[in-house]
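Below: the structure, in structure tokens.
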Amino acid sequence: MGENLGVWPMLQRQRLSAVAATCACVWCLRDETCAYSNCCAAVLLGLAFRRQWMQEHAHCPSPVNLNLRNATLVEFDLGAGCLGSCDFRGARFVGQTRLDRCRIVGEADFTGAIFDGPVAFDGTTVRGEVSFRRCQFLGAASFVDASFQDHVCFDDALFQASALFALTDLGPSFTFDATRFGAAADFSLARASMLRPSTPPEGWATRRSGNDPQTVLFVRVPAGRGRPKTRGDGRAARPPTLPQPRSAGRRQRRRG
């Protein structure tokens, strides 16, 4: 792959000419053609993307919006990038994907995305809502020390390999409805403020931290128990108390 990197940017720009749009890049104070920020249905080589696109905008301090919906992203690497809103709906990530140590100040939508290889979100901070709904993580997925500052959704997602959420901050609300884990999932030392009702992953529950009542921690559910429903305060909801039939009360008084 390395020997083709020299000719790839030229071929890449030719292929993108049919799909790339002229946009006002928010990293710059002037309008310019940004061939990489709106590449729906394009095929991008991640290393060439990083070299070319990041070099063109390295002088700009503000985050940029990305629209890579339905794109195929090969060896995609945006590690330590500063981004605005990101649209990766239906994208396919081929090979290793690096989105670690990023700062995303807007929303990030990965709905229906497929990660063919390992992906790292380690140390990434997202201020807006994040959706991983219906995502397929076919390789190892790591969210170690990531911070989600708004709602994050993993509903109907598939983790085929290991899923690491150690030290992850899942923010004010999170949902793991119908999330499937094909291998071990690790939520040790993960936390959340859980200001709104949330759904923990299968096999895990939440409890309030003894040191910080504003924080909930994740604890494993003993084998054989189902996932308890969780209230907004982080405690498991108690089952309702059913009223006793009157006939049962009469029988007890007669026996007495």
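Take 783 as the starting number for the sequence shown in the working numbering and just add one per residue.
Cβ atoms here follow ideal geometry from the backbone N, Cα and C, with glycine treated the same way.
{"Query": "Per-residue burial, D904 [other beta carbons within 10 Å of its own, 16 or more giving buried]", "Result": "buried"}
{"Query": "Endpoints, beta strand (DSSP E) assigned at D927", "Result": "Run containing D927: none; DSSP gives neither H nor E here."}
{"Query": "Extent of the continuous beta strand (DSSP E) run through V1003", "Result": "Segment: none, V1003 is in no beta strand (DSSP E) and carries neither H nor E."}
{"Query": "Three-way DSSP call (helix, strand, coil) for F936 in this model", "Result": "coil"}
{"Query": "Terminal residues of the beta strand (DSSP E) in which T988 lies", "Result": "986-990"}
{"Query": "Minimum Cβ-Cβ distance from G872 to chain B less than 9 angstroms", "Result": "Judged by its chain identifiers, the structure shown contains no chain B, having just a single protein chain."}
{"Query": "From L865, V926, L946, Q918, residue whose alpha carbon lies closest to that of R909", "Result": "L865"}
{"Query": "Collapsed DSSP secondary structure at A873 in the structure displayed", "Result": "coil"}
{"Query": "Which listed residue (G863, Q878, V876) has its alpha carbon closest to that of N847", "Result": "G863"}
{"Query": "Selection from S970, R885, G877 that minimises the alpha carbon distance to S844", "Result": "R885"}
{"Query": "Distance between G921 and A943 (C-alpha atoms, nearest Å)", "Result": "5 angstroms"}
{"Query": "Residue of A902, T906, F897, D968 minimising C-alpha distance to A939", "Result": "F897"}
{"Query": "For G861, the nearest candidate out of Q878, G964, D951 (CA to CA)", "Result": "Q878"}
{"Query": "Nonlocal neighbours in the same chain, by C-beta distance under 6 angstroms from F870, ignoring five residues either side", "Result": "L850, F892, A895"}
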